[in-house]
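Have a look at the structure below, then the notes.
There are 2 protein chains.
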Amino acid sequence: MEYARLFLPTMKETPSDAEVVSHKLMFRAGMIRKVATGIYTYLPLGLRALRKVETIIREEMDGAGAQEILMPMVQPSDLWIESGRWDYYGKELLRLKDRNERGYCLGPTHEEIVTDLVRKEVRSYRDLPLVLYQVQTKFRDEIRPRFGVMRAREFIMKDAYSFDRDDAAALESYEKMYQAYTRIFSRCGLEFKAVEADTGSIGGSASHEFMVLAETGEDLLLSCNRCAYAANMEKAASRLPEADVSETQKEATLEKVHTPGRKHVQEVAEFLKAQPRDLIKTMIFATDKGLVAGLIRGDLEINPLKLKNIFGANFIELAGDEEVRKLTGAEVGFAGPIGLDIPMIADISVAPLRDAICGANETDYHLCHVMTKRDIAAVATGDIRLAKAGERCPRCERGILEEFRGIEVGHIFKLGTKYSDALGAVFLDGNGKEQPCVMGCYGIGVGRTVAAAIEQNHDEHGIIFPVAIAPFQVEILPLQTKKPEVMACARRLYDALRVKGIDVLLDNRDGRPGVKFKDADLIGIPCRVTVGRRFLSDGEVEIKDRKTGEVVEIPEAEAIREIEDRLKALA
Amino acid sequence: MEYARLFLPTMKETPSDAEVVSHKLMFRAGMIRKVATGIYTYLPLGLRALRKVETIIREEMDGAGAQEILMPMVQPSDLWIESGRWDYYGKELLRLKDRNERGYCLGPTHEEIVTDLVRKEVRSYRDLPLVLYQVQTKFRDEIRPRFGVMRAREFIMKDAYSFDRDDAAALESYEKMYQAYTRIFSRCGLEFKAVEADTGSIGGSASHEFMVLAETGEDLLLSCNRCAYAANMEKAASRLPEADVSETQKEATLEKVHTPGRKHVQEVAEFLKAQPRDLIKTMIFATDKGLVAGLIRGDLEINPLKLKNIFGANFIELAGDEEVRKLTGAEVGFAGPIGLDIPMIADISVAPLRDAICGANETDYHLCHVMTKRDIAAVATGDIRLAKAGERCPRCERGILEEFRGIEVGHIFKLGTKYSDALGAVFLDGNGKEQPCVMGCYGIGVGRTVAAAIEQNHDEHGIIFPVAIAPFQVEILPLQTKKPEVMACARRLYDALRVKGIDVLLDNRDGRPGVKFKDADLIGIPCRVTVGRRFLSDGEVEIKDRKTGEVVEIPEAEAIREIEDRLKALA
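Protein chains in written order, with my numbering: chain B, 76 to 646; chain R, 76 to 646.
Below you can see the structure in the form of structure tokens.
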């Protein structure tokens with residue numbers, strides 16, 4: 076492509092709403108333009124990167140035996156009512172009515188549509204396994220769209236759905252997809268981790284997120300420094316940090332003590348001359364199933380998502396002050412499990428406590444000498460603790476959890492029969508008996524992958540594209556565009572590279588070298604070839620690696636070979 | 076691809092709502108499935124055909140200097156209000172509100188979005204010409220979606236937009252696109268005609284439709300048998316059929332005559348012993364600009380679209396009986412131009428009349444001895460006549476118009492400055508003066524092209540795909556799947572063809588040959604290779620041309636060469 080004819084409006088300024096570097100750089104490099112909040116147009120350079128990612132995805136999905144289809148963006152409400160998600164999905168689901176007042180939504184995901192397709196077409200276990208995928212436009216009416224295409228409302232997603240005859244087969248499909256995802260993000264040239272994750276509004280029994288590692292990532296993840304264990308912070312577990320149990324822990328009668336104005340763990344502990352680990356912290360949460368409580372040792376934190384999952388709730392948030400007052404009859408800070416009449420879960424850390432302190436459900440009072448086994452025996456125990464970096468790995472013996480920041484680019488789910496049960500997607504097994512398909516679903520944010528690649532690969536001058544997803548692999552930059560010899564050399568290199576199937580951009584614009592160099596750095600083409608004075612004097616061209624900045628000057632005749640070698644090394 | 080693993084649910088039955096052959100065959104051949112009215116999922120076979128068309132489109136658009144971008148499906152209402160189409164577009168424009176009650180629509184076309192992009196990015200005449208295109212999902216809430224993907228509500232369109240510095244440059248862009256379209260549909264293997272057409276709700280000064288010829292086509296078109304003239308019936312002109320002007324046509328005083336119950340041209344003519352060509356027919360139409368009338372010689376027909384365009388109206392339909400009664404004070408059938416106080420246009424055919432008959436605007440009365448020049452001199456004259464097959468070409472001397480039926484697959488428009496004026500898309504010309512971009516827009520219905528190809532190419536057994544857009548070019552059909560020699564030969568051919576980059580389907584299903592042959596005919600793969608008894612006895616395979624039915628039996632060793640030759644000949 077010739078730069079002079081390319082619609083590539085680069086900019087010095089960044090939009091005022093651009094908070095993250097990928098958004099700034101995608102705008103400045105003329106890859107995207109905003110149409111409305113969370114709605115973007117991809118310009119040629121952005122679309123080229125997008126298509127490279129799509130091509131890699133398609134090759135690996137096809138290679139894994141998945142078949143491409145194309146489902147609609149506008150989906151009838153009936154199917155969502157049937158699956159039970161019409162009411163549940165919330166405002167992210169953009170609902171609309173057609174001219175005949177029939178209800179539809181813009182598809183945020185396609186479980187309903189694909190399960191409807193399969194229930195109509197699949198009859199027998201011989202039709203399984205079946206993995207269908209599409210690369211398609213989704214819409215989610217995010218409450219706070221931001222970060223450019225990273226959290227857009229309209230976005231391109233590759234979504235795949237697997238249908239299997241039983242759990243074992245479904246696990247095989249899941250693992251095939253896990254492997255395909257690993258190959259996809261590797262081929263894209265990205266550093267990433269697959270982590271165990273919460274299943275959210277998609278549901279199912281287990282899931283993995285594929286996280287591109289970047290300091291600017293929104294997600295926190297914990298990863299063992301010795302074994303393969305890695306999990307999203309929302310899901311992560313760790314071994315319970317041992318509290319060297321106080322010698323003083325003894326069995327004694329419950330006692331109500333006056334703790335005027337002491338609401339926080341630290342304050343209460345100091346006031347009562349105890350350690351935070353001697354307290355039982357009682358946190359009240361509001362969920363769609365009503366108020367619930369979580370109990371945890373005072374030196375640890377609750378992970379609300381774990382609590383939510385145990386209760387099978389759809390959402391969870393800290394209860395408001397007024398709700399807490401009404402429930403406990405006390406100010407916030409004095410809640411305790413004894414006498415509290417709502418569903419509760421005690422973290423594993425609470426079970427061994429024999430002489431603990433908790434709120435008395437009375438303003439300015441706590442209870443001392445609480446013994447879990449005796450005083451709150453009826454409360455179920457579970458892991459509701461927020462794991463932290465530095466804690467010990469829950470899987471292996473000696474590993475320590477390390478913290479990373481990441482950007483979720485893929486998410487795979489073991490769905491089980493959630494949707495096939497709801498919609499009646501059944502098949503006849505070998506004995507002629509109807510069975511529900513066991514499903515999985517598998518998403519990749521295509522635009523988000525491009526943005527994440529930029530978050531991971533950039534410097535102060537601009538983008539540093541991995542070769543595999545670069546809009547162009549090579550940029551040829553002739554400096555003295557008025558000199559016919561220079562332009563002839565540039566054109567020879569351009570033609571020779573194109574013949575070899577290499578995507579090459581020829582900056583044939585008139586203009587100052589400084590502007591061209593700045594643009595080249597900004598748009599981040601991995602390999603830059605400059606034809607300038609050195610060519611006029613010695614017949615040499617300069618080849619520069621965008622990432623390392625390494626420069627070689629070599630005779631024109633050797634340039635193509637050198638470029639090919641470099642691209643291979645970078646790939 | 077191996078058939079046994081392909082998600083290709085063929086059917087014997089057709090859906091009850093399938094009115095046209097392409098809809099029936101696309102359903103039966105497992106290419107599409109309905110999700111809701113006018114909303115479809117493309118299954119693997121359908122998507123493969125779609126992608127082939129898309130690839131041809133992209134190659135030709137890129138070759139013509141157009142640049143691919145990707146605009147959103149959800150469009151903010153602001154831009155449509157700015158262009159003036161928010162109110163005008165009618166119910167086909169599906170409007171919706173987001174969670175913050177902001178107005179949006181599902182894009183039925185993208186003039187607003189692309190003009191907004193260009194007004195923000197294009198500064199100078201040096202940035203022009205600019206042609207941007209996308210292949211993207213559109214939504215039009217059709218009042219009567221039907222014919223499967225041919226008139227769907229959600230559909231895939233290639234839409235392009237050109238921006239030029241002046242009319243001459245815009246015409247060049249238009250002609251480049253015209254040529255690109257001609258190459259696209261030729262490469263798709265389709266018989267088609269480009270015809271002059273009405274500009275409809277897109278607007279602009281002129282347009283051409285690309286029509287795939289098919290007996291089942293919805294559109295009528297007229298095409299000269301001698302020159303290049305061709306036009307959609309809605310737009311077509313012809314030379315005025317000469318009415319051997321009656322000798323009796325004389326100048327005489329107006330006279331009101333009693334014509335009890337005679338409403339129709341034929342009745343009135345007979346009653347008054349005249350010819351239909353001696354009458355002036357007065358038709359009243361309702362438009363968004365109020366009632367209007369068209370006058371035409373009694374033996375000819377009015378083309379309402381021509382009338383609509385002359386009046387610059389957005390819609391037109393015959394006025395209701397009540398409206399006519401109120402306006403004329405008479406029953407329908409007795410309207411006439413004299414004394415009628417609404418905007419009127421007289422067809423060219425009316426101008427020479429000197430002794431004509433017209434309605435008297437009084438029930439059961441007509442006026443005789445009407446002389447156009449004298450009695451209705453104030454009425455403007457224009458071509459509002461419906462042209463018909465058999466009439467003489469308006470362009471050349473000796474040509475006669477022939478009638479064809481066609482399916483519109485592409486439509487290109489000279490837009491002028493309609494949108495650039497409305498949205499302020501200006502550039503600085505060579506003198507530093509602001510000028511509006513002169514625009515064109517260019518659409519292709521991608522799914523519709525596949526459907527039209529099927530309307531044009533099928534027989535009673537199924538689809539006959541043109542090679543260029545066939546989901547697979549070759550199908551290999553081993554008959555005795557239990558015989559290892561047969562399967563080994565089939566597999567050898569399969570592998571050899573794949574290595575050559577030919578899309579090949581191997582029907583490795585167990586099952587009766589009859590079923591396999593039927594499916595092969597139904598899905599319409601151009602070249603079928605059967606490996607059967609003849610291979611076991613003589614080492615020969617059978618190659619059959621789906622279109623001609625021609626069969627050759629040749630040794631396996633010669634098969635690949637023969638298939639390649641055939642595909643080349645078919646392309």
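Ideal Cβ positions, reconstructed from N, Cα and C, are used throughout, including at glycine.
For the region 114-130 of chain B, the set of residues with a beta-carbon nearer than 9 Å to any beta-carbon of chain R comprises 114, 115, 116, 117, 118, 119, 121, 122, 123, 125 and 126, in chain order. Per DSSP, reduced to three states, the secondary structure at residue 419 of chain B is strand. In this structure, residue 366 of chain R sits near residue 417 of chain R, with a CB-CB distance shorter than 8 Å. Residue 529 of chain B is outside the set of residues whose beta carbon lies under 8 Å from a beta carbon in chain R.
DSSP, reduced to helix, strand and coil, places residue 91 of chain B outside both helices and strands of the structure shown, so it counts as coil.
When the Cα atoms are used, residue 643 of chain B and residue 484 of chain R turn out to be separated by approximately 43 Å. Contact fails between the region 487-501 of chain B and the region 327-334 of chain B, because fewer than three Cβ pairs, one in each stretch, are under 8 Å apart. When DSSP states are grouped into helix, strand and coil, residue 210 of chain R belongs to the strand group.
Within chain R, the residues placing a beta-carbon under 8 Å from that of residue 196 of chain B are 82, 84 and 108, ordered along the chain.
Nearest to residue 298 of chain B by C-alpha distance, out of B:216, B:380, B:478 and B:122, is B:478. Residue 195 of chain R sits exposed, since fewer than 16 C-beta atoms from the chains shown fall within 10 Å of its C-beta.
Classified as buried, residue 307 of chain B has 16 or more neighbouring CB atoms from the shown chains inside 10 Å of its CB. Per the coordinates, the alpha-carbon of residue 628 of chain R lies some 24 Å from the alpha-carbon of residue 76 of chain R. Of the candidates R:632, R:645, R:536 and R:622, R:536 places its Cα closest to the Cα of residue 594 of chain R. By the Cβ rule, the region 419-426 of chain R does not count as touching the region 268-286 of chain R, because fewer than three pairs are nearer than 8 Å.
Leaving aside the five residues that flank residue 578 of chain R on each side, the residues in its chain whose CB is nearer than 6 Å to its CB run, in chain order, 547 and 548. Membership of residue 330 of chain B in the beta strand (DSSP E) is indicated by the continuous run 330-333.
For the pair residue 381 of chain R and residue 458 of chain R, the CB atoms are nearer than the 8 Å cut-off. Residue 214 of chain R has a beta carbon lying within less than 8 Å of a beta carbon in chain B.
For residue 156 of chain R, the enclosing alpha helix (DSSP H) begins and ends at 152-158. Taking C-beta atoms as the reference points, residue 538 of chain R and residue 597 of chain R count as a pair closer than 8 Å. By the CB criterion at 8 Å, residue 515 of chain B and residue 252 of chain B fall inside the cutoff. Burial check for residue 282 of chain R: the Cβ neighbour count within 10 Å reaches 16 or more, so the residue is buried.
The contact set of residue 111 of chain R on chain B, defined by CB atoms closer than 7 Å, consists of 151 in chain order. Within the region 160-243 of chain B, the alpha helix (DSSP H) runs of at least 4 residues that lie entirely inside it are, in chain order, 160-163 and 186-196. It is roughly 14 Å from the alpha-carbon of residue 177 of chain B to the alpha-carbon of residue 110 of chain R. For residue 299 of chain B, the pairing in a beta bridge is given by DSSP as B:476. Sequence-distant Cβ neighbours of residue 220 of chain R in its own chain, meaning closer than 7 Å and more than five residues away, are 112, 113, 226, 227 and 228. At a C-beta separation below 7 Å, residue 173 of chain R has these neighbours in chain B: 169 and 216. If you keep only unbroken alpha helix (DSSP H) runs of at least 4 residues inside the region 360-429 of chain B, you get 379-386 and 396-403.
Closest in C-alpha terms to residue 602 of chain B, from the list B:559, B:591 and B:540, comes B:540.
Taking a C-beta distance under 8 Å as the contact criterion, residue 392 of chain B and residue 460 of chain B do not qualify as a contact pair.
As for any beta strand (DSSP E) of minimum length 3 sitting wholly inside the region 550-634 of chain B, the runs are 579-581, 602-606, 615-620 and 626-630, ordered along the chain.
Straight-line measurement puts the Cα of residue 271 of chain B at about 18 Å from the Cα of residue 289 of chain B.
The region 522-533 of chain B makes contact with the region 124-142 of chain B; the number of CB pairs closer than 8 Å reaches 3 or more.
Of all alpha-carbon atoms in B:302, B:146 and B:258, the one lying nearest the alpha-carbon of residue 473 of chain B is that of B:302.
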